Amino acid sequence: MSPPNGYDYEVWGTLYTPAKPHDTQSPHARDLQKPLWNLCQWESSIRGIARHIDGRFAHEHHTCFANGWNRLPDELRICILSFNLCSEEPIPVDWPNNSRAHLKALHHLRMTPQIAALAQQTYYSLNTFHLQLHYTRPDPSVRPTLRFLFPRKSVNHDIRRLHIEIVSLTVDSLRRLEKLAEGFYGFPKPQQVRLYVHAPHGLTFEQVDMFQPVDIRDDGSLGRKYIRFSRAGRLDVVSFVDGEPRGEELSPPLREFERQLRERITFAGAEVGAQYAEGREAVLYPRAGLLTFNLSV
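For the sequence shown, position 291 (counting from the first letter as 1) is numbered 291 according to UniProt numbering, and the numbering increases by one without interruption.
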């Protein structure tokens, strides 16, 4: 999977992956960078990493810090790391460098192997990651293609919280969603998943069936699409008025839209409590009419 067009960061969304030696212009430069290959678990070049983080190295840390750190239990180490590595908002997988926590994680991965491993676990397990399914067409003459970026499977087992945004309910986007629900993308232990599906504007009763999930059978015929998550969950449709969530003011067609989707996309176990109490919690990614799923263990 290649980075998005125009995205020149070599560190694009690939935290803690096997390192590749970077071809430099002189043997001396390679010797200087060689110790970093054992500390930086990266597939991008040292030059690309250095553009986004400060240049401190592991051996510069004072001995007192190292001795004190080594005596701490892992629980306290994670608590300390979380101050730097946790983001209040979901981290977009498409543009991770927009997140302060992502940039700080790069620095921690350049420390000792022990700190790097714990920083990776903390970064992925305590943050929420925003995935988006949408169509792109860089050229008007080219057919739109579905774009779905997600972290590497080698780190997905640490991820606990996901925000998944589906801009358009199509056969292709629903197939990706189905694969995600079945664990194809390597998310075995999500404790909370919020799925946002953009509801059509001005939906009428005559159009409700047009926007329901469909499946293309082997013989080319169309059938109803069913997706099941192996977690308890709840489905809510949220509409927005002047940027504010107004979940209680759904139009009758949107309520029917929600009812039919609840028949098609189901969850194992009892429903969890509603995400939105009276007054409704602000949604981090407000769109006009969103479908919200909350999953928890």
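We treat Cβ as the ideally placed atom computed from N, Cα and C, and that holds for glycine. Keep in mind that this is a model prediction, so the values were computed, not measured.
- Exposure of T63 is indicated by the presence of fewer than 16 other C-beta atoms within 10 angstroms of its C-beta.
- With fewer than 16 other CB atoms across the displayed protein chains lying within 10 angstroms of its CB, Q114 is exposed.
- Less than 7 Å separates the beta-carbon of I91 from that of S99.
- Taking a contact to require three or more Cβ pairs closer than 8 Å, the segment 118-130 and the segment 148-161 qualify as touching.
- Taken in chain order, the whole beta strand (DSSP E) runs of length 3 or more contained in the segment 122-176 are 128-136, 145-148 and 161-166.
- Rounded to whole angstroms, the separation of the alpha carbons of T145 and A101 is 30 Å.
- In this structure, the straight-line span from the alpha carbon of I265 to that of R259 is close to 10 Å.
- For S87, the CB contacts under 6 Å within the same chain, skipping 5 residues up- and downstream, are S99, A101 and N127 in chain order.
- Shown here for V93: same chain residues with a beta carbon closer than 7 Å to its own, the five before and five after excluded, namely G13, F129, H130, L131, L149, F150 and P151 in chain order.
- Measuring C-alpha to C-alpha distances from R160 to each of F184, H134, S125 and L235 identifies S125 as the nearest.
- Assigned with DSSP and collapsed to three states, R71 falls in helix.
- Distance from the CA atom of S230 to the CA atom of F205, rounded to whole angstroms, is 31 Å.
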